[in-house]
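**Student:**
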Amino acid sequence: MDKLRAMELFVATAETGSFSGAGRLYGLSPASVSRHVNDLEAALGVALLHRSTRALGLTEGGETYLRDARDILASVKAADTAASARLDHVGGVLRVHSRTMFGVSVLAKLQPAFQRLYPDLVVDLHLSERQVRLREDGFDLDFRIAPPQESGLIRRRLFESRRILVAAPAYLDSAPPLVTPSDIAQHACLTYWLSHEQVYWRFRDGQQEEEIHIPTAFSSNNGLVLLEMVRNGRGLALLDEYTVAEDIAKGDLVELLPHLRITNATFEEGIFATYLQTPFVPAKLRHYLDFVSANWARVRGGGRVQTG
44 MDKLRAMELF VATAETGSFS GAGRLYGLSP ASVSRHVNDL EAALGVALLH
94 RSTRALGLTE GGETYLRDAR DILASVKAAD TAASARLDHV GGVLRVHSRT
144 MFGVSVLAKL QPAFQRLYPD LVVDLHLSER QVRLREDGFD LDFRIAPPQE
194 SGLIRRRLFE SRRILVAAPA YLDSAPPLVT PSDIAQHACL TYWLSHEQVY
244 WRFRDGQQEE EIHIPTAFSS NNGLVLLEMV RNGRGLALLD EYTVAEDIAK
294 GDLVELLPHL RITNATFEEG IFATYLQTPF VPAKLRHYLD FVSANWARVR
344 GGGRVQTG
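This note's numbering puts the first residue of the sequence shown at 44, with every later residue one more than the last.
1) Report all residues from its chain with a CB closer than 8 Å to the CB of Gly346; omit the five preceding and five following residues, and keep chain order.
2) Per the contact definition of three or more C-beta pairs closer than 8 Å, is the stretch 46-56 in contact with the stretch 73-88?
3) Report the rounded CA-to-CA distance for Leu160 versus Pro73, giving the unit in angstroms.
4) Take Ser187 and list the residues in its own chain whose beta-carbon comes closer than 6 Å to its own, dropping the five residues that flank it on each side.
5) Are there 16 or more other CB atoms within 10 angstroms of the CB of Pro220, so buried, or fewer, so exposed?
6) Is it right to say Ile305 is buried, meaning 16 or more other beta carbons lie within 10 angstroms of its own, or is it exposed?
7) May I have the straight-line CA-CA distance separating Met272 from Ala292, to the nearest angstrom?
8) The beta strand (DSSP E) spanning Phe246 covers which residue range?
9) Can you name, in chain order, every residue of its own chain whose Cβ lies under 8 Å from the Cβ of Val297, other than the five neighbours on each side?
10) With a 10 Å radius around its C-beta and 16 neighbouring C-beta atoms as the bar for buried, classify Ser28 as buried or exposed.
11) By Cβ distance below 6 Å, which residues in the same chain neighbour Val76 in space, the five residues on each side in sequence not counted?
12) Based on DSSP bridge pairs, tell me the residues matched to Tyr318.
13) Can you give me the C-alpha to C-alpha distance between Asp226 and Ser263, rounded to a whole angstrom?
14) Taking a contact to mean a Cβ-Cβ separation below 9 Å, would you say Asp114 touches Val133 in this structure?
15) Less than 6 Å between C-beta atoms, sequence neighbours within five positions excluded: which residues of the same chain meet that for Asp183?
16) Report the rounded CA-to-CA distance for Arg277 versus Ala228, giving the unit in angstroms.
17) From the DSSP output, in three-state form, read off His79 for me.
18) Please name the residue or residues paired with Glu254 in a DSSP beta bridge.
19) Hey, Phe334 and Phe157 are a contact pair by Cβ (cut 8 Å); roughly how many whole angstroms apart?
20) Determine the burial state of Tyr69: buried for a count of at least 16 other Cβ atoms within 10 Å of its Cβ, exposed for fewer.
21) Quick check on Phe323: buried or exposed, where buried means 16 or more other Cβ atoms within 10 Å of its Cβ?
22) Under a three-way DSSP split, which group does Tyr69 fall into?
23) From Leu270, Ala280, Leu300, pick the residue whose C-alpha is nearest to that of Val242; which is it?
24) If Leu196 and Leu319 are in contact, beta carbons under 8 Å, what's the gap, nearest whole angstrom?
25) Bridge partners of Arg206, per DSSP?
26) Could you spell out the range, first to last residue, of the beta strand (DSSP E) harbouring Gly362?
27) Which residues in the same chain have their Cβ closer than 8 Å to the Cβ of Leu150, if we skip the five residues on either side of it in sequence?
28) Which of the three DSSP states is assigned to Thr96 in this structure?
29) Output yes or no for whether 9 Å exceeds the beta carbon distance between Leu299 and Asp248.
30) Who are Glu298's beta bridge partners in DSSP?
Here it is in C-alpha cells:
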C-alpha cells in the first residue's frame, strides 16, 4: 500500500464527502478510492468513515486522523518544495578539475564573468595533468581531452578541438622547408612528455594515416611551457587549437601542414566534461557547464563573454 497516496485519498474523500468526488480530483474510479481508504483503515486498525447508502461521515477516530493527515501532507509538500528550491539554487561549492592548458586558456578567463553572474557559488578549480577519480578525490567535475572509460560517469563533449602544428615566424625564417611529415626530422621539435618511450605523431590525409617518430629537442608535460618555447622561436610544437588560435590570428604563430590532421594520441579530440551519473544534475554543475559551453569560443577568439 502507498500510505501517502491512501492518506491523500482519505483527506480528499473527507473534504468532498464522497469517493467519487475524491476520484475526480485524482483521476481514479470511486471503487479504486474506496479500496485505498479500506486498506488504510486495515493498516491502522481503525474505522475512519461511517458508510451508508446516502452519505459518508467521519468517525471520531477519523476526525482526529484527518487533522493529523492534513498536517503530515502539508509537511511533505513543504519538504518537497524546499528540496526543489535547493536543487535550483546556484550556490555552495563546485570542485572542478581540469587539464592545465584548458584551465588557464579557457576556464580562468571565464571565471570572473561567471562569478559576477552567480556570486553565491564558490568554484574550487584545480589544474593538473593527472586523471582524477571523481568520487574518491571529491571532485564534482573533470575536464578531459579524451572520453572517460570508467563506469558510472557521464561524459558531455563540450566541443571538438583538433591539435595544430605551429611555429613562430622567427623560427621558420631560418628553418628547413616543411612540406611533408617526413621533413619534420630536420626540425627542432618541442614535444609533450607522455612517457620515457620515443615520441610518435600520427598524420591523417583523408583516409590515409602515417605514424612518424619525432626527434625531440625539448619536452615538457605542461602545454604552457611548450607554448612559451614555441612563441620564442625555439622550434615547432603540436598544441591544442584553443590554446594557439589567438596567436595564429595575430600572426605570432603559423600553422604548419594545415591540410593534415595531426595528433600525438587520438583523433577523437576535444574537451569532455565528466561527472558522476546521478538521477539529477545539481543546478551548480548544470549552470557552470552551460556557461562554459556557451562562452569558450568567445574567450578563444578574444570576444565578449555572455553574462545574461
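A virtual CB, placed ideally from N, CA and C, is assigned to each residue, including glycine.
On a predicted model such as this, the values are computed, not experimentally measured, just so you know.
**Tutor:** By the coordinates alone:
1) Your numbering for residue 346 matches position 303 in the sequence shown. Confidence in Gly346 is poor, its pLDDT being 45 and thus under 50, which makes the residue's placement too unreliable to answer from.
2) yes
3) Numbered from 1 along the sequence shown, position 117 holds the residue referred to as residue 160. Numbered from 1 along the sequence shown, position 30 holds the residue referred to as residue 73. If I take the Cα positions, the gap works out to 52 Å.
4) Start at 1 with the first residue of the sequence shown, and residue 187 comes out as number 144. Note that residue 187 corresponds to Arg in the displayed sequence, not to Ser. Same-chain partners within the cutoff: Phe315, Thr317.
5) Position 177 of the sequence shown, counting from 1, holds the residue named residue 220. Pro220 is exposed by the Cβ-count criterion.
6) Numbered from 1 along the sequence shown, position 262 holds the residue referred to as residue 305. Buried, because 16 or more other Cβ atoms sit within 10 Å of the Cβ of Ile305.
7) Here residue 272 refers to the residue found at position 229 of the sequence shown. Here residue 292 refers to the residue found at position 249 of the sequence shown. Computed Cα separation, rounded: 18 Å.
8) Position 203 of the sequence shown, counting from 1, holds the residue named residue 246. Here the beta strand (DSSP E) through Phe246 covers 242-248.
9) To locate residue 297, count along the sequence shown from 1; it is residue 254. Val209, Ala210, Ala211, Pro212, Leu215, Ile291, listed in sequence order.
10) Nothing can be reported for residue 28: it is not among the residues displayed for the chain, which extend from 44 to 351.
11) Numbered from its first residue, the sequence shown carries residue 76 at position 33. Within the same chain, Val76 has close Cβ partners Leu52, Phe62, Ala65, Gly66.
12) Residue numbering aside, residue 318 sits at position 275 when the sequence shown is read from its first letter. Note: Tyr318 sits in a beta bridge opposite Ile197.
13) Numbered from 1 along the sequence shown, position 183 holds the residue referred to as residue 226. Numbered from 1 along the sequence shown, position 220 holds the residue referred to as residue 263. Cα-Cα distance, rounded: 23 Å.
14) Indexing the sequence shown from 1 puts residue 114 at position 71. Indexing the sequence shown from 1 puts residue 133 at position 90. Not closer than 9 Å, so no.
15) Within the sequence shown, numbered from 1, the residue matching residue 183 stands at position 140. Hits under 6 Å: Leu137, Arg138, Leu328.
16) Taking the first residue of the sequence shown as position 1, residue 277 is located at position 234. Taking the first residue of the sequence shown as position 1, residue 228 is located at position 185. Computed Cα separation, rounded: 15 Å.
17) Here the question's residue 79 lines up with position 36 in the sequence shown. Looking at His79 - three-state DSSP - the assignment turns out to be helix.
18) Along the sequence shown, one-based indexing puts residue 254 at 211. In the DSSP output, where bridge partners are listed per residue, Glu254 has Arg245.
19) Against the sequence shown, residue 334 aligns to sequence position 291. Against the sequence shown, residue 157 aligns to sequence position 114. Confirmed, about 5 Å.
20) For the purposes of this step, residue 69 is taken as residue 26 along the sequence shown, with counting starting at 1. Tyr69 comes out exposed.
21) Here residue 323 refers to the residue found at position 280 of the sequence shown. Exposed.
22) For the purposes of this step, residue 69 is identified with residue 26 of the sequence shown, where counting begins at 1. In the structure shown, Tyr69 sits in a helix (DSSP, three-state: H, G or I).
23) Here residue 242 is taken as the residue at index 199 of the sequence shown, counted from 1. Comparing Cα-Cα distances from Val242 to each of Leu270, Ala280, Leu300, the minimum goes to Ala280.
24) Here residue 196 refers to the residue found at position 153 of the sequence shown. Here residue 319 refers to the residue found at position 276 of the sequence shown. Contact flag correct, Cβ pair sits at about 6 Å.
25) Along the sequence shown, read from residue 1 onward, the residue named residue 206 stands at position 163. DSSP, once it has assigned bridges, lists Asp283, Ile305 as partnering Arg206.
26) Because the chain in this structure spans residues 44 to 351, residue 362 falls outside the shown range and cannot be described.
27) Position 107 of the sequence shown holds residue 150. Cβ neighbours of Leu150 beyond the five flanking positions: Val139, Ser141, Leu168, Phe186, Val335.
28) Start at 1 with the first residue of the sequence shown, and residue 96 comes out as number 53. In the structure shown, Thr96 sits in coil (DSSP, three-state: anything other than H, G, I, E or B).
29) Sequence index remark: in the sequence shown, residue 299 carries index 256 (1-based). Sequence index remark: in the sequence shown, residue 248 carries index 205 (1-based). No, they are not a contact pair.
30) Residue numbering aside, residue 298 sits at position 255 when the sequence shown is read from its first letter. Answer is Val209.
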